[in-house]
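One structure is given below, encoded as structure tokens.
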Amino acid sequence: MTPSSMKRSPSLAFDVKALGTLKLEAKRKDPAAIAQAAKEFESLFMRELIKSMRQATMRSGLLDSQAGDVSADLLDQQLAQAMSGRPGGLSEIIARQLSKQVTSAEKPLAAYTPTQSLGVKTVAPKAAEFVSQHQQAADKVSQDSGIPAPFMLGQAGLESGWGQHEIRHKDGTSAFNLFGIKADKGWKGKVAEVMTTEYIQNQAVKIVARFRAYDSYADSFKDYAKLITGSARYAQAAGNMHNAQTYATHLQQAGYATDPQYAHKLSRAIAMSMRTQNIKGKAT
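Start counting the sequence shown at 212; every next residue gets the next number (our numbering).
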């Protein structure tokens, strides 16, 4: 039985290995595999959504138990499977996107790849150039918001690959979004749609996401500071700006990014920014 012909029962749990196989089949332009992979991705998304909704509800404590948690998780899996693959659903959008990726005639969306893909020897000089370019904007926003400039420069460097992998519009022009801030329903400004990597259950998945777009890099720094200092979601991070590791940890815990190693990577990027500034200061 080939992966493209597999029939999955709603009672089955999510099979990450099978999902990986489906992704490989989809790359071979098998329409059935593309449709099945899209359904699996939608199922993963729906499961996380249901899980988040369940965790957000108040628990009485009377009937709570480990067995109950397991039963709830199994029920979530079944619901996610049953809700996936319906006409007009998310799976159709994912299938269209997968088809675009495997069709050479289609022009691919600009990829958004943060700095972890760059080598150390590449990062160091690029970091110095990046910090020098955006130092003035970071200092100005730091004075107004209280967020240390090296923290912002480090995170902007991490999210943009030190300027080498900025978010761009389809025509190739910069969206001036250095912090990878997505465009939620409340965003009324311009938007750039790009391919990016998200982590679902610690599995890296490529998706198309909508990101905020600005008129300048300075606007990107201002919006980032507004997001961190004006949102209850990031209150813990905003209250712990004395230590880069603590700040990065609170950002990850608040869900700034889905990468399970985000806090570690961010603290290293901030350290890189600080070292760059120290070297620059000694040279002047």
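Idealized CB from N, CA, C, for every residue including glycine.
Keep in mind the model is a prediction, meaning the values are calculated, not measured.
Worksheet item: How many Å lie between A480 and D355 at the Cα?
Response: Looking up residue 480 in the sequence shown gives position 269. Looking up residue 355 in the sequence shown gives position 144. Approximately 23 Å, taken between the alpha carbons.
Worksheet item: Taking buried to mean at least 16 other C-beta atoms within 10 Å of its own C-beta, is I304 buried or exposed?
Response: The residue you call residue 304 lines up with position 93 of the sequence shown. By the 10 Å Cβ count, I304 comes out exposed.
Worksheet item: Can you list, in chain order, the residues of its chain whose CB lies under 8 Å from that of M452, leaving out five sequence neighbours each side?
Response: Against the sequence shown, residue 452 aligns to sequence position 241. Correct list, in chain order: G357, I358, P359, F362 and Y458.
Worksheet item: Once you ignore the five residues that flank E259 on each side, which residues in its own chain have a CB closer than 7 Å to its CB?
Response: Reading the sequence shown from its first residue, position 48 is the one you call residue 259. Contacts found: I411.
Practice prompt. May I have the straight-line CA-CA distance separating H380 from S263, to the nearest angstrom?
Written response: Residue mapping note: residue 380 aligns to position 169 of the sequence shown, counting from 1. Residue mapping note: residue 263 aligns to position 52 of the sequence shown, counting from 1. H380 and S263: Cα-Cα distance of roughly 31 Å.
Practice prompt. Use the C-beta contact count for R423: other C-beta atoms within 10 angstroms, 16 or more gives buried, fewer gives exposed.
Written response: The count along the sequence shown starts at 1 and reaches residue 423 at position 212. Counting Cβ neighbours within 10 Å, R423 comes out buried, since at least 16 surround it.
Worksheet item: Taking Cβ to Cβ, would you say L364 is nearer than 7 Å to K476?
Response: For the purposes of this step, residue 364 is taken as residue 153 along the sequence shown, with counting starting at 1. For the purposes of this step, residue 476 is taken as residue 265 along the sequence shown, with counting starting at 1. Going by C-beta atoms, L364 is not nearer than 7 Å to K476.
Worksheet item: Just to confirm, are H461 and A448 a CB contact at a threshold of 7 Å?
Response: Residue 461 sits at position 250 when you count from the first residue of the sequence shown. Residue 448 sits at position 237 when you count from the first residue of the sequence shown. Closer than 7 Å, so yes.
Worksheet entry | Under the three-state DSSP convention, the category Y410 falls into | Working through the sequence shown from its first residue, we reach residue 410 at position 199. Note: Y410 maps to strand in three-state DSSP.
Worksheet item: Taking the Cβ atom as the reference point for each residue, do I418 and E404 lie within a distance shorter than 7 Å?
Response: Position 207 of the sequence shown, counting from 1, holds the residue named residue 418. Position 193 of the sequence shown, counting from 1, holds the residue named residue 404. Not in contact: I418 and E404 (Cβ atoms no closer than 7 Å).
Worksheet item: Given S427, which residues of its chain have a CB within under 8 Å of its CB, disregarding the five upstream and five downstream residues?
Response: The residue you call residue 427 lines up with position 216 of the sequence shown. F387, listed in sequence order.
Fill in: Exposure label - A248; buried when at least 16 CB within 10 Å
On the sequence shown, residue 248 is found 37 positions in, with the first residue counted as 1. By the neighbour-count rule (16 or more Cβ atoms within 10 Å), A248 is buried.
Worksheet item: Out of curiosity, what's the CA-to-CA distance linking A243 and A468?
Response: As a position in the sequence shown, residue 243 is number 32, starting the count at 1. As a position in the sequence shown, residue 468 is number 257, starting the count at 1. About 32 Å.
Worksheet item: With a Cβ-Cβ cutoff of 7 Å, do A338 and M483 count as a contact?
Response: By 1-based counting over the sequence shown, the position of residue 338 is 127. By 1-based counting over the sequence shown, the position of residue 483 is 272. The answer is yes: Cβ separation under 7 Å.
Item to complete: Report all residues from its chain with a CB closer than 8 Å to the CB of E340; omit the five preceding and five following residues, and keep chain order.
Response: In the sequence shown, counting from the first residue as 1, residue 340 sits at position 129. The answer, listed in chain order, is W373 and G374.
Worksheet item: Whose C-beta lies closer than 7 Å to the C-beta of K401 among residues of the same chain, with five residues either side of it excluded?
Response: For the purposes of this step, residue 401 is taken as residue 190 along the sequence shown, with counting starting at 1. Contacts found: A424.
Worksheet item: What are the residues that DSSP puts in a beta bridge with S385?
Response: Here residue 385 refers to the residue found at position 174 when the sequence shown is read from its first residue. Its beta-bridge partners are R379.
Worksheet item: In chain order, what residues of the same chain have a beta carbon less than 8 Å from the beta carbon of Q456, not counting five sequence neighbours either side?
Response: Within the sequence shown, the letter at position 245 stands for residue 456. A474 and S478.
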